[in-house]
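Worksheet: one structure, shown below.
2 protein chains.
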Amino acid sequence: MRLTTFTDYSLRVLIYLAVSEDGQSTIREIAQRYDISHNHLMKVVQELSQRGYLVASRGKHGGLRLALPSTAIKIGTLVRDMENDFALAECLGDNNHCVLTPACKLRSVFKEALEAFFVTLDAYTLEDIVAGRKGAKLLKILRPG
Amino acid sequence: MRLTTFTDYSLRVLIYLAVSEDGQSTIREIAQRYDISHNHLMKVVQELSQRGYLVASRGKHGGLRLALPSTAIKIGTLVRDMENDFALAECLGDNNHCVLTPACKLRSVFKEALEAFFVTLDAYTLEDIVAGRKGAKLLKILRPG
């Protein structure tokens, strides 16, 4: 049971921007700091922009910044937005061949468990992740010196 | 976010045995009824036996049966036992390179959400899945005629 790298990277991008002192950065800088693929990150940033989490501006002083205050970004909502496959089991997906489906209660049990998972994530905003002492430590890691 | 086919099949095996009128079946029969790989199912059954969910007896009247009453098999415990990878994100796995790890609160947030997921699953036993009208319908599907 794993989230996609796509979702993982989207969280890292938002954390990066939330702890930046001027609130701005570039794909190149973020990719370098995390040592992850620039191309992959471009797609992540594109999706985050389309979904209204980021704004990207061009030009010499351009770059990426959060489109919303970090208190308004719920972790559960972000994960729901970025993760494309919540079919925990075959019966929750598009390609379901399980003969039990018409009579099986597991489907609703899995849905309920997934809901509990997201309710927990939604109790945290991006601000909760980057606030306080942990935030200061994150800043030191991401913008050393 | 998906459970493995291994976990999915283990649930199907236990459901099959729980709704069987004589409580017994064979790998061949279960594989045929679900139209799934016999070899894959053998490995699932082996793991379920080793973990004390099933007993397999040999001989002419041999076969598989539940080693526990279906009221004693919690869905959450079973999923924890059969699923081998709960590393939702890189930071929860063995191969973690994320620079944020020493300062990032997301790890504990993910752990909390995963715990809420399992607490929900653990509120249901195998008996809850196969009891009542749904159980009668399952029996009709699995043992028609």
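Protein chains in written order, with numbering that gives the first Met the number 0: chain A, 0 to 144; chain B, 0 to 144. Where is the CB? At the ideal position from N, CA and C, for every residue including glycine.
Put simply, the CB of residue 119 of chain A is near chain B, with a gap under 8 Å to one of its CB atoms.
Going by beta carbons, residue 7 of chain A and residue 71 of chain B fall outside the 8 Å limit. Each residue's CA atom was taken as its position, placing residue 66 of chain A and residue 28 of chain B some 56 Å apart.
The CB of residue 14 of chain B comes closer than 9 Å to the CB of 99, 103, 105 in chain A, given here in chain order. Only exposed fits residue 132 of chain B, as fewer than 16 other CB atoms lie within 10 angstroms of its CB. Setting aside the 5 residues that flank it on each side, residue 138 of chain A is surrounded in the same chain by 18, each with a C-beta closer than 6 Å to its C-beta; the list follows chain order.
For residue 42 of chain B and residue 50 of chain A, the gap between their C-alpha atoms comes out near 43 Å. In the structure shown, residue 136 of chain B adopts helical secondary structure according to DSSP, grouped into three states. Close CB contacts of residue 16 of chain B within its chain, under the 7 Å cut and outside five residues either way in sequence, are with 22, 24, 63, 64, 65 (chain order).
Neighbours of residue 96 of chain B across chain A, judged by C-beta separation under 8 Å: 34. Cβ contact annotation for residue 95 of chain B (same chain, cutoff 6 Å, sequence separation greater than five): 89, in chain order. At a cut-off of 8 Å, the C-beta of residue 137 of chain A has a neighbouring C-beta in chain B. Taking a Cβ-Cβ threshold of 9 Å, the residues of chain A close to residue 127 of chain B are 104, 108, in chain order. A residue is called buried once 16 or more other Cβ atoms fall within 10 Å of its Cβ, and residue 56 of chain A, having fewer, is exposed.
The beta-bridge partner set that DSSP reports for residue 64 of chain A consists of A:54. Cα atoms of residue 53 of chain B and residue 108 of chain B: separation of roughly 35 Å, rounded to the nearest angstrom. Where residue 107 of chain A is concerned, the enclosing alpha helix (DSSP H) starts and stops at 105 to 121.
Within chain B, the residues placing a beta-carbon under 8 Å from that of residue 11 of chain A are 97, 99, ordered along the chain. According to DSSP, residue 73 of chain B shares a beta bridge with B:124. Between residue 116 of chain A and chain B, the shortest Cβ-Cβ separation is below 8 Å.
Selection A:121, A:126, A:127, A:110 evaluated against residue 119 of chain B yields A:110 as nearest (Cα-Cα). Under the Cβ criterion of 8 Å, residue 28 of chain A is not counted among the residues facing chain B. Taking all protein chains in view, the Cβ of residue 59 of chain A is surrounded by fewer than 16 other Cβ atoms within 10 Å, so the residue is classified as exposed. Measuring C-alpha to C-alpha distances from residue 123 of chain B to each of B:113, B:78, B:84, B:82 identifies B:78 as the nearest. For residue 48 of chain B, the secondary structure class from DSSP, reduced to helix, strand or coil, is helix. In the DSSP annotation of this structure, the continuous segment of the alpha helix (DSSP H) that includes residue 17 of chain B starts and ends at 4 to 18. Boundaries cannot be given for residue 102 of chain A, as no alpha helix (DSSP H) includes it and DSSP labels it neither H nor E. C-alpha of residue 92 of chain B to C-alpha of residue 84 of chain B: approximately 8 Å in a straight line.
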